[in-house]
Amino acid sequence: MTDQPDRLFQQLTSTRHFLLAKTDKQLPHTSAGEETALCGETPVQDITVFFPDLPVGDQLHDRVKPRLEAADHFVACAIRPDLTCTNKETATKNLFALTAAIEHLCAAEDGLWGILDRHLFGCFFPGKTDAFLSAIPDRIRSGLTPKQIPVTIGTAQYPTLDYPRDVIMGNAVKAVEHALFFGMDSTAAFDDVSLNISGDNFFQQGDIPLAMTEFESALALNDRNVNVRNSLGVCHGLMGDLEQARRQFAAAVCCDGREFMALYNLGLIHMLLNDRHKAIDYFKKAQKAGGDIFEVVYQTGRLLVELGIPEEGRAYLERAVDMEPDSAPAHRVMGDCLTQMNELGDAAAAYKRAVKLNPEDAAALSALGALYDRRGENTEIATLYCKKSVQLVPGEGLFHLRLARLYEKQHNTHAAERAFKMAADLGHAVDDIPNASALPRNTG
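In our numbering, the protein residues as written are 77 to 520.
See the structure below:
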């Protein structure tokens, strides 16, 4: 195992704008046209011919339960053979060699073994401790000829934290998932990284509460795991608890001041709390720590534009659109930036690129319509853009204001009145638009 396992998990993902390190595994596969047999489909049928009393599934747990309840400590081991092999005959031969090695180890160490599911074997060793745990993989592989059958092994022990006896094998299975990140024929002992991977799997499935449980257990094993701190912070953020999210991100930064994902996420938290200056400070620290990451560069540029500093924001946005030229939001914010700098022709081009990439980008459509209006160009096209933006996002008052102004210029009084009133009802006064009409407005 690597002494820096966190490096395996730096495939970034953006989840509702938070950054987290995503775990991702590649299982071995066979080349096209190769005749394959899934070894995991045959062990119950084939292996039980040689071991007729071998317990399967719940039978294994039932058989070992009395001995585990009497044991103050024990070790569990999950073993996954390589799922691909050239043919069924070879698969069965190799599986028999593996099960013979497992049987030999269990007989020598008073262990119990069986089949957990169609892909996994499981072993229990009552009375054994971590010293024995670390020796299991070599002792199993020593019974196999080189390259006979690659096996991935996960181990776990009782006691660990407050886990009950009946979930320790489940922890060993999580360790198998952990080992698979190093490739088939690898080994991992259940630890905070195993729980990080398990939590990430639950997160990807949309089960955030269960993911949080795994991340919290991981921190109980290692409270300085910055990936786990960051992931738990993301969960709190998505659940709406910004203060808890902030604490986890800050704790990650305390553990490692170069942890750019946590720095970025701290910036995002402060942005959500409307503290834009502090958010920019964290975004800049994140960029210094992690280099040009799209989300970091884009958000920094966007906030600078919102703060009315378009000259500085432009450099960030130019890098953002270079990094992800197909990002409609990046082109739209570039349009906002160029509009502030009064470079209206280039701003219109940026908005058009945003709309081309995403025809339902209501903000870009509305801004493009307003820009056409400002430049005195094609009022009918400008009106169509603004109408579509209102249809797409009827709850945005600014879009109604822009449409109202266009109706007013076309002397469409009734439509203008309705649009101005809708804008006012949504919290945008008519005065928010320069030279807007003095039509009746909502004063309530």
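Each residue gets a CB set at the ideal place from its N, CA and C atoms; glycine is no exception.
Simplified DSSP state of residue i, which is helix, strand or coil
i, result
"Val-469", "coil"
"Arg-156", "strand"
"Pro-128", "coil"
"Phe-94", "strand"
"Thr-376", "helix"
"Asp-193", "strand"
"Asn-454", "coil"
"Ile-345", "helix"
"Arg-429", "helix"
"His-353", "helix"
"His-487", "coil"
"Asn-434", "coil"
"Ile-123", "helix"
"Ile-273", "helix"
"Gln-363", "helix"
"Arg-481", "helix"
"Gln-55", "As displayed, the chain neither begins before 77 nor continues past 520, which places residue 55 out of reach and without an answer."
"Glu-419", "coil"
"Glu-387", "helix"
"Ala-449", "According to the sequence provided, residue 449 is Asp. The question's Ala does not apply to it. It is helical."
"Glu-394", "helix"
"Arg-334", "coil"
"Glu-493", "helix"
"Glu-371", "helix"
"Ala-500", "helix"
Cα-Cα separation between residue i and residue j, rounded to whole angstroms
i, j, result
"Pro-119", "Ala-207", "No answer about Pro-119 holds up, because its pLDDT of 47 lies below 50 and its placement is not dependable."
"Arg-194", "His-254", "19 Å"
"Gly-282", "Glu-290", "14 Å"
"Asp-154", "Leu-256", "Note that residue 154 corresponds to Ala in the displayed sequence, not to Asp. Between Ala-154 and Leu-256, the C-alpha separation is close to 12 Å."
"Glu-456", "Leu-308", "50 Å"
"Ala-492", "Gln-375", "35 Å"
"Gln-135", "Lys-141", "10 Å"
"Met-288", "Tyr-358", "25 Å"
"Val-310", "Phe-94", "6 Å"
"Cys-413", "Arg-478", "18 Å"
"Asp-540", "Asp-276", "Only positions 77 to 520 of the chain appear in this structure, which leaves residue 540 out of reach."
"Ala-500", "Asp-437", "23 Å"
"Val-431", "Phe-475", "16 Å"
"His-312", "Met-347", "16 Å"
"Gly-246", "His-353", "46 Å"
"Pro-213", "Gly-367", "40 Å"
"Lys-204", "Ala-97", "35 Å"
"Phe-127", "Gly-219", "18 Å"
"Asn-306", "Leu-188", "39 Å"
"Phe-201", "Val-151", "5 Å"
"Pro-240", "Lys-169", "37 Å"
"Glu-165", "Ala-177", "19 Å"
"Lys-360", "Phe-370", "13 Å"
"Asn-434", "Leu-482", "23 Å"
"Leu-461", "Val-469", "Strictly speaking, residue 461 in this sequence is Tyr, with Leu absent from that position. So the two alpha carbons sit approximately 12 Å from each other."
"Asp-186", "Cys-199", "11 Å"
Bounding residues of the beta strand (DSSP E) (the contiguous stretch that carries residue i)
i, result
"Leu-383", "Note, Leu-383: premise wrong, no beta strand (DSSP E); not H, not E."
Run of the alpha helix (DSSP H) containing residue i, from where it starts to where it stops
i, result
"Ser-293", "284-297"
"Met-410", "404-416"
"Asn-306", "302-314"
"His-504", "Here His-504 belongs to no alpha helix (DSSP H), and DSSP marks it neither H nor E."
"Glu-319", "318-331"
Cβ-Cβ separation, residue j to residue i (assumed contact under 8 Å), whole Å
i, j, result
"Ile-356", "Leu-314", "At roughly 23 Å, the Cβ-Cβ gap does not stay under 8 Å, so Ile-356 and Leu-314 are not in contact."
"Val-252", "Thr-228", "6 Å"
"Ala-406", "Leu-420", "The pair is not a contact, with the Cβ atoms about 19 Å apart (cut-off 8 Å)."
"Ala-294", "Asn-272", "5 Å"
"Leu-522", "Thr-231", "Only positions 77 to 520 of the chain appear in this structure, which leaves residue 522 out of reach."
"Ala-338", "Ala-328", "4 Å"
"Leu-144", "Ile-225", "In fact, because the Cβ distance is near 28 Å, the residues do not count as touching under 8 Å."
Closer than 8 Å to chain C by CB, residue i
i, result
"Leu-460", "Looking for chain C here will not work: only one protein chain is present."
Check: residue i C-beta below 7 Å from any heavy atom of the ligand FAD
i, result
"Phe-197", "Summarising the ligand content, the structure contains no ligands, and the ligand FAD is consequently not present."
Along the chain, which unbroken stretches of the beta strand (DSSP E) at least 3 residues long are found entirely within the segment 132-191?
150-157
Which runs of the beta strand (DSSP E), 3 residues or longer, sit entirely within the segment 196-268?
196-202, 227-234 and 263-265
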